[in-house]
Every structure is written in C-alpha cells, then in structure tokens.
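If you read the sequences in order, they're chains A and B. With the numbering used here applied, the first sequence covers 1 to 410. With the numbering used here applied, the second sequence covers 1001 to 1081. Read the structure below first, then the notes.
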Amino acid sequence: MTDMIGQVGHASDLFSKFDDIIAMREDLLASGVEDPFNLVMERVLSPTVAVCNGRETILLGTYNYMGMTFDPEVVAAGKDALDRFGSGTTGSRVLNGTYIGHRQVEDALREFYAMDHAMVFSTGYQANLGIIATIAGKGDYIVLDIDSHASIWDGCKMGDAEVVPFKHNDIDAMERRLRRIPDGAGKLVVLEGVYSMLGDIAPLKEMIAVAKKYGAMVLVDEAHSMGFMGPNGRGVAEDQGVLDQVDFVIGTFSKSVGTVGGFCVSNHPKFEVLRLVCRPYVFTASLPPSVVATAATSIRKLMHGKNKRAHLWENSRVLHKGLKDRGFQLGTDEPQSAIIAVLMPDLEKGAAMWEALLHEGLYVNLARPPATPANMTLLRCSLCAEHSAEQVKAVIGMFERAGKATGIIG
Amino acid sequence: MDRAEIDTRIRTLIEPFNKKGIAITDDSRFTDDLEFDSLTVMDFVAEIEDEFDIIITMNQQAEIENYGQLVDAVLKLADKG
Ligand SMILES: Cc1ncc(COP(=O)(O)O)c(C=O)c1O
C-alpha cells in the first residue's frame, strides 16, 4: 500500500522516452528552418493550389490523385446530405450510425470493384487495423512485407497471430517464410499495390501465385492506386490481372476519393460476420452523412475517369523525367505510380530543401525515419490529375532552383 | 545440432552486423550493448532464419533480449524441424 501523503519511490516522467525525438526536432528548428511538420493551409483554392503562410503554393504532396476534392457534383452531394441528414450520426455502424448514405457508399464500392461485399470504416487506418487483427487470430500466421504501412503493422500488433515479415518485394524471401509455417496453421499474406514511400509497385502477380500455392489468404492494400491503376481503376492487382485471386482489398477515401474513410471489399461468403466481430468497426462512430455522400458520388465518377487517368500518368512521367534529368536521385528508375520520391542525403539537407521549395511556392511531403525504409529522408511528390502541364513544368523549375541553392544538385 | 555448433554459426552471421567489433557473450543485449536498431534486427533475423531454415516470429523476437537467449531459441526451433 502506498502512503497517501508521502511519496513512495522515485517519480518517473513517462515522457522521458521521447527525449531523443524532442532533441531531434529542436536541433532541426534551431537551424532556422520552418517547421516541416506544422504547416497550416490558410486557404485552399483548388485540389492543386493553397495559401500557406500567406504564399500561394502548388500542392504536390497531398495524395489527392484524382483531384476530386473540389468536384462540383461531389461538393453538392455533401452539402445536400448535410442539409438533409445533419452534421453527424453520433453512433456506431451497428447501432444508430448506419444511414442510407452508408449503404449507398457500400453499394458504390461493390460496383466499383465488382465484388460481393463492402464494409466502410471511419478511416483506412481502422480498416487495416480491424480486418487484420480480426481475421488473423491465435495460432494463425501473418506474412507481410517489411515496408508495410503503419496501419498494417498496428493491425498485426493488435491481433494475436504470429507475425512474420519478409524483405520488401522479395518473392523468394516471402516463399521461404511461407514454406516454414507449420502445416495446418491459418495464413494471411499482406501486401500493398503501391508502396507510398518510394512509389514502387509490388509484383503482385508472382507474389499472389506463391501465396496461393501455400494456401494463404491474401489481403492487398490499394490505398495509392484506386481510381487510376488497372483498366477500371481497381488498383495494381487488377492491372496485373490477379484481382480475382485477392481475398481482401483494403482502400481509403482519403486519397483518390478525396474525403475521409476506409473500406474493405471481398467475395468471401462469410464476410458480413465481420460487422459483428471487428472492434475498430463496432466501437467507433460512423462517418458523417456528408462524407459518405461525397465518397459515393466521387467513387461513381471515378468509374468513368479515363481521360483524367491518362493525364495523371502523363504528369507522373514528365515530373520523373524532369527531376532525373536535373540530377536528382529518385525512388524508382522509372515512374511506377503517381508518387515520385526524391532522395535526400540526410534530414537536415532534406528539411532545407523542403523549406527552399516552400519559399518557391511548392508543397511536397517530407518523410523521415522511422516511417521511411532504410532510414532514408525523402521528399515525396504525389501528382494530381488536375495538375496542369504548366504547373508540372513550373514544379521542375522550382526543384532545380531549390536543389542548386541547397547544394543537393550541382 | 548442439548448442556449440549453433553458437558458432550465429557468431559468423553476426559479424557483419557487429560494426564496432564488440566482444559478444551470452549476456550481450542486442539493443543496449550491440546497438542494433530495428532495421538491423530485421536483417539479422532474416539471415538466421535462412541459415537454419526456421521462422523466428516477431512475437518470439520480443522475448529475445540477449545473445544467449537467441542461441537457445534457435536451438529449440531448429530441433523441431
Ligand atoms: C498504404 C496505406 N494504407 C492505409 C492508409 C490509411 O488511410 P487513411 O488515411 O484513410 O487512414 C494509408 C494512408 O495514410 C496508406 O498509405
């Protein structure tokens, strides 16, 4: 029993474990750069332009791939739902939080993917957390790529399965691990279509064939491919002709769809039971009616986005070539997605370059360890179908000037 | 395979990861003494897995703090195979 008045033992500060990261941040700010993790968008003029710190800024790090955030029909659907259904549901999907709009967005997803079941979560993070932690239980094995998104790792951590990572995109390393799993154990292989740090894609065709050879179920996170990869925009698995082999597709509304929310689509005959047993689905409030209305409208428009898709790919190719020609080191030799990652020598240089770009009027994403593979510092650019050819050209000029000013290119 | 043989093989594998050439005993802790960061741990574990044709799951790794515990764990896992 502790004495109510006198203190027993040493007081410990639970925050001391963060001292290293506090010091790193202070060092960075002491060098005089603007805080890269504290930028405020004062006004947002379009999917590609905002006002930050009073400066008009081209947005090149928002994952707003299809530029749906200001689509007039999408915005109108949200306003209408706000008027008719109010600002929020104040309830879980399994209690009072399923409105007609939630059903309609799930219908839109089933049609978009041509799959039997769709389940909408409040974020993509929760979709990974919920699906992975729920379907892989005690005694089961999760085999996953080591560069998986934080939400996948957290889903593994939350569940009771055995977790076995393998080297990024390494088909043999994955097979060796699958082969060593004891006979009879349940297996889930977790992959991503596009890996968002370097913008590289997975060899899903080969990997899924191996997974199936060992009797594993396959989950693919297609967060960074929806709407513009594959003939119908269903993602990398569709592009490589293996979507029918994927048991679960995870996606998000926070990128191409242009709002917030997450989902899982599947043809598994027992899929609907997840609505009862998946805790990140049950124990949180559902999305507001305006959000699901914007998402449903946007998803339906993405089914017919052929021209926009072609322009997005054109942007990606032009930017990749422009940066490569100017001597920047990029995450991939060829453009593989709508993400172009520019490798920085270290965090200090990366932050200086980030700031120089901001002063030029360009926003990109600064990514640093531990979120990045191999402790890299990256400037991640994500293109938008609404970036004009002139904007992309201007962006390359900004990179060139900022790169020279900071000594990153000669 | 006996413990001594496993110990010898792991010592060979650990060499390239032990950049400062720190003397390793059964009590050497990976994070505190050998200064392995999480990426190093992952690469090192992958090498051991392939060498002995075993899986050391993340869950099992969480129980292994020092070198001696690693050798014991591999001994147990390799025995089953
Ligand atoms: C691969 C991947 N999965 C899942 C998510 C989570 O998505 P959301 O923003 O909807 O939580 C993201 C985005 O951050 C992601 O990059």
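Beta carbons are placed, not taken as given, at the ideal position from N, Cα and C, and that holds for glycine.
Hey, is V189 (chain A)'s beta-carbon within less than 7 Å of any beta-carbon in chain B?
In the first sequence, the residue the question calls residue 189 (chain A) occupies position 189. No, no contact with chain B.
Between the alpha carbons of G130 (chain A) and I250 (chain A), how many angstroms are there, rounded?
In the first sequence, the residue the question calls residue 130 (chain A) occupies position 130. In the first sequence, the residue the question calls residue 250 (chain A) occupies position 250. Whole-angstrom Cα-Cα distance: 11 Å.
Examine ligand 1 and report whether any of its heavy atoms sits within less than 6 Å of the Cβ of T294 (chain A).
One-based indexing of the first sequence puts residue 294 (chain A) at position 294. No; taking the cut-off as 6 Å, the Cβ of T294 (chain A) has no heavy atom of ligand 1 nearer than that.
Just how far apart, CA to CA, sit K255 (chain A) and Q391 (chain A)?
Your numbering for residue 255 (chain A) matches position 255 in the first sequence. Your numbering for residue 391 (chain A) matches position 391 in the first sequence. If I take the Cα positions, the gap works out to 20 Å.
For the structure I just gave you, are there three or more beta carbon pairs, one from the stretch 120 to 136 of chain A and one from the stretch 274 to 289 of chain A, closer than 8 Å?
yes
For ligand 1, list every residue whose C-beta falls under 5 Å from any of its heavy atoms, going in chain order.
A:T123, A:G124, A:Y125, A:H149, A:S151, A:S196, A:D221, A:A223, A:T252, A:S254 and A:G262
Beta bridge counterpart(s) of A367 (chain A) as assigned by DSSP:
Against the first sequence, residue 367 (chain A) aligns to sequence position 367. Paired residues: A:L378.
Report the option in A:K349, A:E348, A:A371 and A:A341 whose CA atom is closest to the CA atom of V364 (chain A).
Within the first sequence, the letter at position 364 stands for residue 364 (chain A). Nearest of A:K349, A:E348, A:A371 and A:A341 to V364 (chain A), Cα basis: A:A341.
Just to confirm before moving on: does the CB-CB distance between M66 (chain A) and G227 (chain A) stay below 7 Å?
Position 66 of the first sequence, counted from the start, is the residue given in the question as residue 66 (chain A). Position 227 of the first sequence, counted from the start, is the residue given in the question as residue 227 (chain A). Yes, the Cβ-Cβ distance between M66 (chain A) and G227 (chain A) is below 7 Å.
Give the DSSP bridge partners of S266 (chain A), in chain order.
Mapped onto the first sequence, residue 266 (chain A) falls at position 266. DSSP lists A:H117 and A:F248 as partners of S266 (chain A).
Contacts around L82 (chain A), its chain only, beta-carbon distance under 6 Å, and the 5 residues preceding and following it disregarded:
As a first step, residue 82 (chain A) is located in the first sequence; it is residue number 82 there, counting from the start. Taken in chain order, the residues that qualify are S290.
Run through chain A and tell me which residues come within less than 7 Å of A1078 (chain B), C-beta to C-beta.
As a first step, residue 1078 (chain B) must be located in the second sequence, where it is residue number 78. Those do not exist, as A1078 (chain B) stays about 11 Å from chain A at its closest Cβ, beyond 7 Å.
Over the uninterrupted alpha helix (DSSP H) stretch that includes L357 (chain A), give me the two end residues.
Numbered from its first residue, the first sequence carries residue 357 (chain A) at position 357. Run containing L357 (chain A): L347 to E360, per the alpha helix (DSSP H) assignment.
Chain A partners of A1073 (chain B), CB-CB under 7 Å?
Within the second sequence, residue 1073 (chain B) is the residue found at index 73, counting from 1. Under the 7 Å cutoff, chain A gives no residues; its nearest Cβ is about 14 Å from A1073 (chain B).
Name the residue from A:M207, A:G407, A:R25 and A:R317 whose alpha carbon lies nearest to the alpha carbon of C381 (chain A).
Mapped onto the first sequence, residue 381 (chain A) falls at position 381. Comparing Cα-Cα distances from C381 (chain A) to each of A:M207, A:G407, A:R25 and A:R317, the minimum goes to A:R317.
With a threshold of 7 Å between beta carbons, is E111 (chain A) in contact with chain B?
Position 111 of the first sequence, counting from 1, holds the residue named residue 111 (chain A). Closer than 7 Å: no.
Can you tell me which of A:L274, A:G261 and A:A209 puts its alpha carbon nearest to the alpha carbon of V246 (chain A)?
Against the first sequence, residue 246 (chain A) aligns to sequence position 246. Answer by Cα proximity: A:A209.
Against chain B, does R180 (chain A) count as a neighbour if the rule is that its beta carbon must be under 7 Å from one of theirs?
Position 180 of the first sequence, counted from the first residue, corresponds to residue 180 (chain A). Closer than 7 Å to some Cβ of chain B, the Cβ of R180 (chain A) qualifies, so yes.
Would you say the stretch 180 to 195 of chain A touches the stretch 1058 to 1073 of chain B, given that touching needs at least three Cβ pairs under 8 Å?
no
Below 8 Å on C-beta distance, what does T1057 (chain B) contact in chain A?
Start at 1 with the first residue of the second sequence, and residue 1057 (chain B) comes out as number 57. The answer, in chain order, is Y141, E162, V163 and V164.
Would you call the CB atoms of A77 (chain A) and A295 (chain A) closer than 7 Å?
Locating residue 77 (chain A) in the first sequence gives position 77, counting from the first residue. Locating residue 295 (chain A) in the first sequence gives position 295, counting from the first residue. No, the pair does not count as a contact, with Cβ atoms beyond the cut-off.
Looking only at its own chain, which residues have a Cβ that is under 7 Å from the Cβ of R1009 (chain B), when we skip the five neighbours before and after it?
One-based indexing of the second sequence puts residue 1009 (chain B) at position 9. Only E1051 meet the Cβ criterion.
Would you mind working out which of A:E314, A:G258 and A:K321 sits nearest D71 (chain A), comparing C-alpha positions?
Reading the first sequence from its first residue, position 71 is the one you call residue 71 (chain A). Of A:E314, A:G258 and A:K321, the residue nearest in Cα terms is A:G258.
Within the same chain, show all residues whose beta-carbon is closer than 8 Å to that of G137 (chain A), passing over the 5 residues directly before and after it, in chain order.
Locating residue 137 (chain A) in the first sequence gives position 137, counting from the first residue. G159, D160, A161 and G186, listed in sequence order.
Exposed unless 16 or more other CB atoms sit within 10 angstroms - verdict on I1055 (chain B):
To locate residue 1055 (chain B), count along the second sequence from 1; it is residue 55. Per the 10 Å Cβ criterion, buried.
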